[in-house]
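Here is the structure we will look at.
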Amino acid sequence: MSTITTEQMRFWSPEVRELEPYVPGEQPKIQNLLKLNTNENPYPPSPKVVQAVQAVLANSADVLRLYPDPDALALKQAIAKQQQVDVSHVFVGNGSDEVLAHIFKAFFVQELPVLYPDITYSFYPVYSQFFGVKTKVLPLNDDFEIVVDDYKQANGGIIITNPNAPTSIALGLSAIEKVLQANPNSVVVIDEAYVDFGAESAVNLVEKYDNLVVCQTTSKSRSLAGLRVGFAIAQPHLIAALEAVKNSFNSYPIDRFAIAAAVASFEDQEYFEAQNEKVIASREKLVAQLVELGFKVLPSSANFIFASLADKDAAELAAELRERGIIVRYFNKPRINQFLRITIGTDEQNQRLVNTLKNDILL
Ligand SMILES: *Cc1c(COP(=O)(O)O)cnc(C)c1O
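Counted from 1, the sequence shown has number 55 at position 56 by numbering that gives the first Met the number 0; the numbering is strictly sequential.
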């Protein structure tokens, strides 16, 4: 971007010149790299997913010339079955980032500001700018928890990540119900990208609240970040708004490979549960080891932890890990610039992190 001159920028739409895009975690190509920076799953997807992709491939001469189902109905049905909701309550998109973009456009372009915490998923301010959504940022408390009473003020919508990112802290369903009840005329979105690693899902509340949208992804707990499939669960009057936005933007967001693969993933509940249990067990082990090394680790219900070390600058620590081939996420932002967000790897990967810290960096 820095190489583009102001003169060349004259071709750009004026509002695009002002954009501050999201910066994804890096995907470097270094040998023997341990990537603990973007909350990907260390395990492969279900073998049934791979079989489903191979089946599409085997038919590709026949089917790739044809558009996929614009409604991805087979996928919606598989999600509905797994989530125990009616298929009319399901919306699917090209990653939950796209689902969230449609949510901002469909519900949040209002007179009043949308409320979200000061520390949360950093795509929300980006979408807000992109769609011209007014925002009011509400600080988490000193323990990095959401203050539920702050969400009892006039607003044009609310979005809460649960468990929150990058703090990893979960909010209970009773707190979420308080927010829903206090805001009967606003849409309340719960972004559950990490819910399968130990938090309670608000999907069960969808029948009870006509203002609730729950958003999830296959990227983390289903090991399918490369596939780009996310979804939302809500009552049909809210799904209709999302469909209207989607069909005004891209009618075929989910390709044939993605539909087949995601269906297979939702049908393999056993693999899904076993894999999530492994990640959770590895997380508990890693937290105990880091606490022993002197880290403060926030209580995690996610596939990552948020940790700081009193006597060591977090940016320096991230850089020293990087020199040794281990990449973690560092945010140079107020309140959290002494923390590292570390994705849970396999036990072997986590042990490499602990050994590097113990034997190499924190001598
Ligand atoms: C990873 C993540 C997403 C995006 O997931 P995709 O489905 O891969 O687009 C959305 N929200 C939060 C909080 C995330 O961490």
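Every residue gets a Cβ at the ideal spot worked out from N, C-alpha and C, and that includes glycine. The structure presented is a predicted model; accordingly, all values stated were derived computationally and were not measured.
Item, Value
"Asn163 vs Pro112 beta-carbon contact at 8 angstroms", "no"
"For Ala306, the first and last residue of its enclosing beta strand (DSSP E)", "Phe303 to Leu308"
"Coarse secondary structure for Pro387, derived from DSSP in three states", "Nothing can be reported for residue 387, as the shown portion of the chain is limited to 0 through 362."
"Proximity of Thr160 and Ala201 at Cβ, strictly below 8 angstroms", "no"
"Per DSSP, cross-strand counterpart(s) of Asp190", "Thr160 and Cys214"
"beta-carbon Gly229 near ligand 1 non-hydrogen atom, thresh 7 angstroms", "yes"
"Which listed residue (His101, Pro69, Ala73 and Gly94) has its alpha carbon closest to that of Ser222", "Gly94"
"N- and C-terminal bounds of the beta strand (DSSP E) containing Pro116", "Val113 to Pro116"
"The region 25 to 43 in contact with the region 339 to 347 per 3-pair CB rule at 8 angstroms", "yes"
"DSSP bridge partner residues for Ala233 (one or two, in chain order)", "Val212"
"Test item: CB-CB of Ala306 and Tyr329 under 8 angstroms", "no"
"Nearest-angstrom beta carbon gap, Gln274 and Tyr42 [assumed within contact, 8 angstroms]", "5 angstroms"
"CB of Ser299 within 8 angstroms of CB of Ser167, strictly", "yes"
"For Gly92, the residue or residues it bridges with in DSSP", "Gly229"
"Local conformation of Leu35 per DSSP, three classes", "strand"
"Touching by the beta-carbon criterion (3+ pairs, under 8 angstroms), the region 252 to 271 and the region 171 to 185", "no"
"For Phe294, the nearest candidate out of Leu316, Ala301 and Ala280 (CA to CA)", "Leu316"
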